[in-house]
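Here is the structure we will look at.
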Amino acid sequence: MKYNISNMMALDIYLDSSQDTDYKELISETSTSNQSIMPLKSWDVFSEDFSTIIENSKTLNDIEHVKYFAKKTKWKNEIDSIFKNQDFEALIITDINQKILWVNKGFTEMTGYSKKFALKKTPNFLQGENTQRITRKRIRTKLELLKPFTEVIVNYRKDKTPYKCKVKIIPLYKDKVTHFLAIEKKVV
């Protein structure tokens, strides 16, 4: 009996419960001459590795988008060093007036708001009744200083549920600051 990839999930469950001698016999039945044999009894190892690869590629793709903006706008910031050892879910690029120009897919996943909805708005639309006034004021003051900073703020998803968000703001500059990059991650 020959199996194709779509049958492999059921085969995976069956092989996982089989004896080693049965496994060797079944492997010879399931392999084809034009496919390489994967010496796995379980696809769990493959799927865990695969999901890690997918997450890493999303992260790299997001960083490449920021690099594209950097090249296009001629920022002098060292983009690779900004992201070195940086864990994030959402990325937001705003102009100097904090109008959103770009968000990554992680922003949509974290907030529930689409990229289209967020564009040309300020990130203030994410704030609500539990967003502390003192935190908002600190952020405004730090933005005016045009220096990198990190804050934790209570934001709200599209469905109105609050979440705490660690926000790292990086001013992006040519000869002077022209944009801001917000690197965001939910905190518990």
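Heads up: the sequence shown begins at 100 in my numbering, then just goes up one per residue. Ideal Cβ placement from N, Cα and C applies to all residues, glycine included. Given the structure is predicted, the values throughout are model-derived calculations rather than measurements.
query, result
"Own chain residues within Cβ distance below 7 angstroms of residue 182, not counting five before or after", "162"
"Alpha helix (DSSP H) segments (min. 4 residues) lying fully within the region 168 to 240", "178 to 182, 204 to 210, 214 to 217"
"Unbroken beta strand (DSSP E) run spanning residue 247, endpoints", "Note, residue 247: premise wrong, no beta strand (DSSP E); not H, not E."
"Euclidean distance between Cα positions of residue 216 and residue 264", "20 angstroms"
"Secondary structure of residue 277, DSSP reduced to three states", "strand"
"Whether residue 255 touches residue 285 by CB criterion (7 angstroms)", "no"
"Residues bridged to residue 252 (per DSSP)", "264"
"8 angstroms CB neighbourhood of residue 220 in its chain, flanking five on each side removed", "198, 199"
"Helix, strand or coil at residue 287 [DSSP, three-state]", "coil"
"Option nearest residue 194 by Cα separation, candidates 208, 169, 253, 177", "169"
"Best match in 166, 178, 260 for proximity to residue 226 [C-alpha to C-alpha]", "260"
"Buried or exposed (CB count within 10 angstroms, at least 16 for buried), residue 233", "exposed"
"Spatial neighbours of residue 172 in its chain, beta-carbon cut-off 8 angstroms, leaving aside the 5 residues before and after", "271, 273, 277, 278"
"Where residue 165 falls, given that 16 or more other Cβ within 10 Å makes a residue buried", "buried"
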